[in-house]
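Enquirer:
Residue numbers (this note's numbering), protein chains in the order written: chain X, 2 to 191; chain A, 38 to 141.
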């Protein structure tokens, strides 16, 4: 067994163990911390596959952004030390059975295609230079249009979040009168 | 022990996906359900990168899909948490069992 395989199995154990604890932990804050470990393990798996850019993005966006956002919302909405009630036994058993069935089914499919045509002869070049040139090219196979669309989506999500989470003004009439008086002031100035 | 192949990575990502599915089925708290969804999206990302690296190393399309999925997941998490905070304000709870006005 070479060292690369050992590292792969260690990373996989970290990802899956932390993932299982994240979905079964009774305290919600611990669940978030286990999710953090699982995401760090996935970043390590990207490093192991030598796609350093994706690994860096994974750490910056997921570990630095989404998990912090989740922890903030836990603090805003929950008592972090409080234990969540366990789901009913029957539901747990049926969910576990469904998941195990899905795992077995998919493993069976993957196992049958044992020999994926691995053409590892060509080099896998993931330098920043290559990623930027291929992603932002304006030819037929470039991704410049989805890139711009995603920027619009992020803007829309940002504005939407502010609108949804904004506390509605308690007295709509007072704000209307304020705008009215504002326009009156403008009119008097004229 | 032989070299790690694509199959081992697919086993890991499949298991992670169904762990997320189990969490989505059993949890009743909206934040933990969101965490399960994040796990599932991450397993899909692993699949994209692994297929790209081992089957089509001359192109980088899988990496771009991963980047777009990460971006959209970030937007989705932000909107979901805004909705959760708004729900907590009106219901004082973020259990899905307590938000049943639009059921039936």
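Positions of the beta carbon are idealized from the N, C-alpha and C atoms, including for glycine. Treat the numbers as computed from the prediction; the structure is a model and nothing was measured.
Could you tell me whether any Cβ in chain X is nearer than 8 angstroms to the Cβ of residue 137(A)?
Expert: Numbered from its first residue, the second chain carries residue 137(A) at position 100. Not one chain X Cβ lies under 8 angstroms of residue 137(A).
Enquirer: For residue 144(X), does the count of other Cβ atoms within 10 angstroms reach 16, so buried, or fall short, so exposed?
Expert: By 1-based counting over the first chain, the position of residue 144(X) is 143. Label assigned to residue 144(X): buried.
Enquirer: Compare the C-beta of residue 103(X) against all C-beta atoms of chain A and say whether one is closer than 8 angstroms.
Expert: Within the first chain, numbered from 1, the residue matching residue 103(X) stands at position 102. True, the Cβ-Cβ gap to chain A drops below 8 angstroms.
Enquirer: Output the distance between the C-alpha atoms of residue 112(A) and residue 154(X), rounded to the nearest integer angstrom.
Expert: The residue you call residue 112(A) lines up with position 75 of the second chain. The residue you call residue 154(X) lines up with position 153 of the first chain. When rounded, the distance between both Cα atoms is 8 angstroms.
Enquirer: With DSSP as the reference, identify every bridge partner of residue 84(X), one or two as the case may be.
Expert: For the purposes of this step, residue 84(X) is taken as the residue at position 83 of the first chain. The partner list for residue 84(X) (beta bridge, DSSP) reads 28(X).
Enquirer: Spell out the partners DSSP gives residue 135(A) in its beta bridges.
Expert: The residue you call residue 135(A) lines up with position 98 of the second chain. Answer is none; residue 135(A) lacks a bridge partner.
Enquirer: For a cutoff of 8 angstroms on Cβ pairs, would you count residue 92(X) as touching chain A?
Expert: For the purposes of this step, residue 92(X) is taken as residue 91 along the first chain, with counting starting at 1. Chain A, which has a Cβ nearer than 8 angstroms to the Cβ of residue 92(X), makes this yes.
Enquirer: With a threshold of 8 angstroms between beta-carbons, can residue 194(X) be considered close to chain A, or not?
Expert: In the structure as shown, chain X begins at 2 and stops at 191. Residue 194(X) is therefore absent and cannot be evaluated.
Enquirer: Helix, strand or coil for residue 179(X), going by three-state DSSP, please let me know.
Expert: Translated into the one-based positions of the first chain, residue 179(X) becomes position 178. Any answer about residue 179(X) is weak, because its pLDDT of 49 lies below 50 and its placement is not dependable; what the coordinates show is given next. When DSSP states are grouped into helix, strand and coil, residue 179(X) belongs to the helix group.
Enquirer: By the criterion of Cβ-Cβ separation under 8 angstroms, what are the contact partners of residue 106(A) in chain X?
Expert: Translated into positions along the second chain, residue 106(A) becomes position 69. Within chain X, no residue comes near residue 106(A); the closest Cβ sits about 10 angstroms away, beyond 8 angstroms.
Enquirer: What residues match up with residue 66(A) in a beta bridge as DSSP calls it?
Expert: Taking the second chain and counting its residues from 1, one reaches residue 66(A) at position 29. 132(A).
Enquirer: Whole angstroms are fine: how far does the CA of residue 63(A) sit from the CA of residue 96(X)?
Expert: Here residue 96(X) corresponds to residue number 95 of the first chain, with the count starting at 1. Here residue 63(A) corresponds to residue number 26 of the second chain, with the count starting at 1. Computed Cα separation, rounded: 7 angstroms.
Enquirer: Show which residues of chain X have a CB atom less than 9 angstroms away from the CB atom of residue 84(A).
Expert: Mapped onto the second chain, residue 84(A) falls at position 47. Result: empty, since nearest Cβ-Cβ is about 11 angstroms, beyond 9 angstroms.
Enquirer: Is there a Cβ of chain A sitting closer than 8 angstroms to that of residue 139(X), yes or no?
Expert: Counted from its first residue, the first chain places residue 139(X) at position 138. No, residue 139(X) does not count as interfacial toward chain A.
Enquirer: Just the C-alpha distance for residue 129(X) and residue 35(X), rounded to the nearest angstrom, thanks.
Expert: Position 128 of the first chain, counting from 1, holds the residue named residue 129(X). Position 34 of the first chain, counting from 1, holds the residue named residue 35(X). It is roughly 31 angstroms from the alpha-carbon of residue 129(X) to the alpha-carbon of residue 35(X).
Enquirer: Determine the chain A residues that contact residue 66(X) at a beta-carbon separation under 7 angstroms, and present them in chain order.
Expert: Against the first chain, residue 66(X) aligns to sequence position 65. Ordered by position in chain A, the residues that pass the 7 angstroms Cβ test against residue 66(X) are 111.
Enquirer: Of all Cβ atoms in chain A, is any one closer than 8 angstroms to the Cβ of residue 76(X)?
Expert: Here residue 76(X) refers to the residue found at position 75 of the first chain. Judged by the 8 angstroms Cβ criterion, residue 76(X) is not in contact with chain A.
Enquirer: Could you give the residue range of the alpha helix (DSSP H) that holds residue 149(X)?
Expert: Residue 149(X) sits at position 148 when you count from the first residue of the first chain. Here the alpha helix (DSSP H) through residue 149(X) covers 145 to 166.
Enquirer: For a contact meaning CB atoms closer than 7 angstroms, what does residue 62(X) contact in chain A?
Expert: Taking the first chain and counting its residues from 1, one reaches residue 62(X) at position 61. Neighbours of residue 62(X) on chain A, chain order: 107, 111.
Enquirer: To which residues of the same chain is residue 16(X) closer than 7 angstroms at the C-beta, ignoring the five residues directly before and after it?
Expert: On the first chain, residue 16(X) is found 15 positions in, with the first residue counted as 1. Counting only Cβ-Cβ distances below 7 angstroms, and skipping sequence neighbours, we find 39, 42, 43, 46.
Enquirer: Given that residue 131(X) touches chain A, what residues does it touch there, using C-beta distances under 7 angstroms?
Expert: Position 130 of the first chain, counting from 1, holds the residue named residue 131(X). Those are 97, listed as they occur along chain A.
Enquirer: At the level of alpha carbons, what is the spacing between residue 107(A) and residue 108(X)?
Expert: Locating residue 107(A) in the second chain gives position 70, counting from the first residue. Locating residue 108(X) in the first chain gives position 107, counting from the first residue. So the two alpha carbons sit approximately 26 angstroms from each other.
Enquirer: Between residue 129(A) and residue 37(X), what straight-line distance do the alpha-carbon atoms span, to the nearest angstrom?
Expert: Taking the first residue of the second chain as position 1, residue 129(A) is located at position 92. Taking the first residue of the first chain as position 1, residue 37(X) is located at position 36. Looking at the two C-alpha atoms, the distance is approximately 27 angstroms.
Enquirer: Using a Cβ-Cβ distance cut-off of 8 angstroms, determine whether residue 125(X) contacts chain A.
Expert: The residue labelled residue 125(X) in the question sits at position 124 within the first chain. Yes, residue 125(X) counts as interfacial toward chain A.
Enquirer: Under the assumption that residue 116(A) contacts residue 99(X) (Cβ atoms under 8 angstroms), give the Cβ distance between them as a whole number of angstroms.
Expert: Position 79 of the second chain holds residue 116(A). Position 98 of the first chain holds residue 99(X). The pair is not a contact, with the Cβ atoms about 28 angstroms apart (cut-off 8 angstroms).
Enquirer: Between the region 79 to 88 of chain A and the region 96 to 107 of chain A, are three or more C-beta pairs nearer than 8 angstroms?
Expert: yes
Enquirer: Contact between the region 56 to 73 of chain A and the region 118 to 128 of chain A is defined here as three or more beta-carbon pairs at a separation below 8 angstroms; is this criterion met?
Expert: yes
Enquirer: So, residue 80(A) versus residue 60(A), is the Cβ gap smaller than 8 angstroms?
Expert: Position 43 of the second chain, counted from the start, is the residue given in the question as residue 80(A). Position 23 of the second chain, counted from the start, is the residue given in the question as residue 60(A). No; because the gap between Cβ atoms is not below 8 angstroms, this pair is not in contact.
Enquirer: Going by C-alpha distance, which of 75(X), 103(X), 90(X) is nearest residue 84(X)?
Expert: Along the first chain, one-based indexing puts residue 84(X) at 83. Of 75(X), 103(X), 90(X), the residue nearest in Cα terms is 75(X).
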